[in-house]
Structures are given as structure tokens and as C-alpha cells.
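Here is the structure we will look at, set down as C-alpha cells.
Take a look at the structure:
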């Protein structure tokens, strides 16, 4: 009994404390910034849009929920009250484009995106409506 | 005699000028009237849409309040016949906590299997809404909500606001998770409410080209 109290109990208490701390941190974990996360798919606007347009099911198998790095022509930059930041990739003449909803923290990087220039953006693909939708997006220096 | 001739030509010139003026004025009135009528009719027949509607849902349970927002809601509305549709990507809902977002997508709504939630219905009283006149209109929206592979009829009051020719809309309603086969594990039963409040906000509908 003395052995338990002297040696084992403190270890158990420490382990339980660590477990509780881990659970607390995990429970309160915020969604990760994608800047430092490797993409699961690398593509360009025509490839992604054409696949979604021709076979949405197959496109979802490839892209849905994945971290996607995409390169394309910036056709629109939309800033609503410095909180809703969207970069549209792909020509305005096309029926479908890629809509990239940026993290608010990307406001400082938004000036890197100029209409008419190429941009590389990384984000999570959420699916396809009128455009291919991506959110949590970050602008890359490429 | 010369003065009579001069007077004759002056009068002719004056009458001619008056005729030209009257003709031009009437033509201008006709053009403006046509444009106003065309503008009114084009509004009422137009298809309106938005890609930036937002939907927030709220869960208020004993142990936790949870909310998530989707800012890329697609909606199309035809005021002339009242038809309205919404489409929202489930993976587009953003939560404050990553773990809740993962559970929501992987376990509750199974967004890999059911990526979209859609609504198709009609706006009662849509024909009475004049997009050319500022005002607030209380309407009722009826239709089919399809979520997690289940389709159910719902009906909800809504408000359509018209200001400077632009229509916006808001609505809120509740639904039971069980009605859409969305199962919450018993271990987190006190963290997620059985009834969810949904708040829909369309800041501005614009004409669809």
C-alpha cells in the first residue's frame, strides 16, 4: 500500500492530468491555418471545373473535403467589410469558375491577387454549385 | 408685297419649327413610356439569384451552445411565379471548433455521402411584390427540404425587403434532427440540441443573365 501511494498514485494522477489537458485542448482546437499544410491535390482551374462539369460524383471523390492547391486566372476579387473575402479564379466568360472564400486573416495577402493575373490558392473543396466552391483559402506566393 | 412674302415664309418656318418640336417631344414621351414599361415588366419576369446568401444554424443544449455559418448559399427566385430554390454545401458550414466541424461532417450529416442540402418551393404572395417600390413584405415559403437523403415538406414565414430596386430576404425555422435521420451519439446527447434553429439571410438578389 505504501508503494502504491508513494510511486504509482502520483504517476496515475499525472497521466490523468495530461489526459484531461489533451482532451481540453482537442475539444477547443480551432480549424488549422492551411498555410503550413501540404495539399492533397494540386490542379488548375480548367481541369477542376471540367471534371465537376462532366462528372460531379467523380470530381467529389477526387476533391471533396480535400486540401486543394489550385492555379488560375484571377477574374474577380470581392471584399465584403474586410470579413468575407472571395477570389474568383477562371474567366468570367466561362459558365463555371472556382470560388475561393479566404480566411479573414488573408486580408493582408489579398492585394497579391490582381484581376487579370495568375494566382495560386490553397483551400478546402466543399463541392459544386454554380461554381466549384473552396473555403478556408490561403493565397500562396507562387 | 415683299413684306407679305417675308411674313408668309416666316410663318411657314415658325410652323415647321413647332411641328418638329411637337413631333420630337411626342417621340421622346413614347420612348420614355416604353422604357418604363419594359423596366417594370422585365423586373417581374426576371430570374433573380445570389451566390452569397448565408445560413446559420444554432443548437442550444444543456451543456453547450453551438452555431455554424455557411456564407456561400445559392438561391434562385422568380418573382413572377414565386418559385424559389436554395442549395447549400454541407462542408461549407464553418464552426468555431474543429472537432465539432469534423463530427458534424463525418458522423452527423455525413457530408461525403450527402454533400448538398436543397430546398425547392414557392413564395406565397410573390406576385404582389413590386421590385420597383421600396417596402417590406411578409410572405410564406412552402416547399421540400432535402437533407441527409431525406425530403420533407416545410413551411415558414419570411420577410422580403425591397430597397432601391434590390430585394433581400430573411427567414428562420426549426427542424428536428431525427426527422432527417441525423443521429447524435448518446455520449454527446447533452451537447447537441434535438431541435435546430436555422436562420436564412439573403443580403441581395440580383438579376440572372
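Chains as they are written, first to last, in the working numbering: chain F, 320 to 461; chain R, 487 to 695. All C-beta atoms in this analysis are idealised placements derived from N, C-alpha and C, irrespective of residue type, glycine included. Here the structure is a predicted model, which is why all the values come from computation and not from measurement.
| query | Are there 16 or more other CB atoms within 10 angstroms of the CB of residue 425(F), so buried, or fewer, so exposed? | reply | If you number the first chain from 1, residue 425(F) lands on position 106. Classification of residue 425(F): buried, given that the 10 Å Cβ count is 16 or more.
| Through-space distance from residue 339(F) to residue 601(R), alpha-carbon basis | Looking up residue 601(R) in the second chain gives position 115. Looking up residue 339(F) in the first chain gives position 20. Cα to Cα, residue 601(R) sits roughly 34 angstroms from residue 339(F).
| request: Could you pull out every residue in the same chain whose Cβ sits closer than 6 angstroms to the Cβ of residue 660(R), ignoring the five residues on either side in sequence? | output: As a position in the second chain, residue 660(R) is number 174, starting the count at 1. The residues 681, 683, in chain order, have a CB closer than 6 angstroms to that of residue 660(R) in the same chain once the five nearest residues on each side in sequence are set aside.
| message | Beta-carbon within less than 7 angstroms of residue 688(R)'s beta-carbon, same chain only, minus the 5 sequence neighbours each way: which residues are those? | response | Position 202 of the second chain, counted from the start, is the residue given in the question as residue 688(R). Same-chain partners within the cutoff: 536, 539, 561, 654, 655.
| task | Could you tell me which of 593(R), 691(R), 629(R), 634(R) sits nearest to residue 641(R), measuring between CA atoms? | result | In the second chain, the residue the question calls residue 641(R) occupies position 155. If we check each option's Cα against that of residue 641(R), 629(R) comes out closest.
| task | Can you say whether residue 402(F) is buried or exposed, counting buried as having 16 or more other CB atoms within 10 angstroms of its CB? | result | On the first chain, residue 402(F) is found 83 positions in, with the first residue counted as 1. Burial call: exposed.
| Close beta carbons around residue 431(F), own chain, < 8 angstroms, minus the five adjacent residues each side | In the first chain, counting from the first residue as 1, residue 431(F) sits at position 112. Correct list, in chain order: 438, 458, 460.
| What is the residue span of the beta strand (DSSP E) that residue 554(R) lies within? | By 1-based counting over the second chain, the position of residue 554(R) is 68. First-last of the beta strand (DSSP E) with residue 554(R): 551-564.
| Chain-ordered residues of the region 329-351 of chain F with a beta carbon less than 9 angstroms from chain R | 345, 346, 347, 348, 349, 350, 351
| Given that residue 560(R) touches chain F, what residues does it touch there, using C-beta distances under 7 angstroms? | Counting from 1 along the second chain, the entry for residue 560(R) is found at position 74. 448, 449, listed in chain order.
| field | Minimum Cβ-Cβ distance from residue 557(R) to chain F less than 7 angstroms | value | For the purposes of this step, residue 557(R) is identified with residue 71 of the second chain, where counting begins at 1. At least one chain F Cβ lies under 7 angstroms of residue 557(R).
| task | Check each candidate in 391(F), 456(F), 451(F) and name the one with the smallest Cα separation from residue 372(F). | result | The residue labelled residue 372(F) in the question sits at position 53 within the first chain. Relative to residue 372(F), the option among 391(F), 456(F), 451(F) whose CA is nearest is 451(F).
| said: In whole angstroms, give me the CA-to-CA distance for residue 363(F) and residue 577(R). | reply: Here residue 363(F) refers to the residue found at position 44 when the first chain is read from its first residue. Here residue 577(R) refers to the residue found at position 91 when the second chain is read from its first residue. Taking the straight line from one Cα to the other gives about 21 angstroms.
| said: Less than 7 angstroms between C-beta atoms, sequence neighbours within five positions excluded: which residues of the same chain meet that for residue 527(R)? | reply: Reading the second chain from its first residue, position 41 is the one you call residue 527(R). Its pLDDT being 45, under 50, residue 527(R) is placed unreliably by the model, and the measurement read from it follows with that caveat. Within the same chain, residue 527(R) has no close Cβ partners at all.
| query | For residue 646(R) versus residue 625(R), is the C-beta spacing smaller than 7 angstroms? | reply | Start at 1 with the first residue of the second chain, and residue 646(R) comes out as number 160. Start at 1 with the first residue of the second chain, and residue 625(R) comes out as number 139. Result yes, Cβ atoms of residue 646(R) and residue 625(R) sit closer than 7 angstroms.
| task | Consult DSSP for residue 453(F) and reduce its assignment to one of helix, strand or coil. | result | Sequence index remark: in the first chain, residue 453(F) carries index 134 (1-based). Three-state result, residue 453(F): strand.
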